[in-house]
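Numbers in this note's numbering are just positions in the sequence shown, counted from 1, shifted up by 52.
Here's the structure we're looking at; comments come further down.
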Amino acid sequence: MAETKESGALARVPVYIMGKRYMVPPSLTIQKAFEFAGYQLIRGCGCRGGICGACATVFRFPNSHKIEVGLACQTVVQPDMHLAQIPFYPAHRRAYDLAKEDPSPDVLGRIYPEIYRCVACGACTKACPMEIQVMDYIAAAIRGDVAKVAELSFDCVMCGLCASRCMAEIGQYHVAILARRLYASKIAPRAEHLGKRLKEIESGKYDKGLDELVKVDEAGLKKLYTALEQEPEMAGEDWMPKEKNNL
Ligand code: FES
């Protein structure tokens, strides 16, 4: 039975980090609980915002057969969690030259032939802290549907938990990022405004402004920053600042 010492701000719940028991505040994320317990996170910690995928964590509750997963920076502790972080999980990442590859139906299976070993058990999907339908995108990869793999895996943070649970030893997240790279470089429509902006940069349009900016001291930079016109919270799509020199 979980114990809670005191109440309110002093409340503490037991968690087990790498098998050792600590009493931590119940409002902490797993990541902050590690730090509260005295761990210094050098690996297994990056953005602290649920984006980088560095903080993959597995945990289990007493008397439960189930291995549960989460991102340590996003998951709040619960009493009696038995925790271990998996900052890196070894999975095969093939070398390829993206410029020479096309989003053809055979490309994912040729570079990652192990996808054909998938037995559709769904362990990868259950292990995904981002709730991505991993098994479904591997099925799309087997069908050769690069665009579908890119779409279904869009939220992947490359934490590797899918690969850690795969009985077919597939590195799903490496397959998915190859699909997203192929999609972005060979299928998605070109962003014309980006090409236009790059040409403007190359033509030196912003050089004068940048040269002036690097000469400004810290106090001057703060003043310029606070004087910046802020986009209103409910601005429409067509909102433009009054100062348009740097657009
Ligand atoms: S630290 Fe980046 S996702 Fe948790």
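C-beta: ideal position from N, C-alpha, C; glycine also.
Predicted, not measured: the structure shown is a model, and the values here were computed from it.
What did DSSP end up calling residue i once you bin it into helix, strand or coil?
i, result
"L123", "strand"
"Q282", "coil"
"M187", "helix"
"V65", "strand"
"V201", "helix"
"V110", "strand"
"Q130", "coil"
"M53", "Because M53 carries a pLDDT of 45, less than 50, the predicted location of this residue cannot be relied on, and the following value inherits that uncertainty. Coil."
"R73", "strand"
In angstroms, rounded to a whole number, what distance separates the CA positions of residue i and residue j?
i, j, result
"M53", "D132", "For M53, the pLDDT reaches just 45, beneath the cut-off of 50, and the residue's location in the model is therefore unreliable, although a value from the coordinates is still provided. Whole-angstrom Cα-Cα distance: 8 Å."
"Y68", "V121", "15 Å"
"G247", "E254", "11 Å"
"E203", "D188", "11 Å"
"E166", "Y277", "52 Å"
"A85", "Q126", "12 Å"
"C170", "A89", "40 Å"
"P114", "A271", "56 Å"
"E281", "E295", "8 Å"
"T109", "E264", "47 Å"
"P293", "L299", "9 Å"
"I184", "D290", "34 Å"
"K267", "L273", "10 Å"
"L62", "A191", "49 Å"
"A215", "V76", "31 Å"
"K178", "F111", "14 Å"
"E87", "H245", "44 Å"
"M70", "G161", "38 Å"
Would you mind stating whether residue i and residue j have Cβ atoms separated by less than 8 Å?
i, j, result
"L150", "V198", "no"
"I163", "Y141", "no"
"Q224", "C176", "yes"
"I82", "A124", "yes"
"H144", "H226", "yes"
"V201", "A228", "yes"
Identify which residue in the options has its Cα closest to the Cα of residue i.
i, options, result
"M210", "A106, V266, C218 and R112", "A106"
"D154", "A240, D207 and A279", "A240"
"L230", "R249, Y91, G256 and A193", "A193"
"K72", "V129, V128, M219 and H134", "H134"
"P181", "C173, C104, M219 and A191", "C104"
"P78", "F111, L160 and V129", "V129"
"N297", "E283, D259 and D269", "D259"
"P139", "E285, C97 and V65", "C97"
"K238", "M286, V186, K152 and A279", "K152"
"P157", "Y168, V186, G174 and R195", "R195"
Considering only heavy atoms of the ligand FES, does any lie closer than 7 Å to the CB of residue i?
i, result
"V121", "no"
"A106", "yes"
"R100", "yes"
"C125", "yes"
Taking only heavy atoms of the ligand NAP into account, decide whether any of them is closer than 7 Å to the Cβ of residue i.
i, result
"R233", "The ligand NAP is not part of the structure shown, which contains the ligand FES as its ligands."
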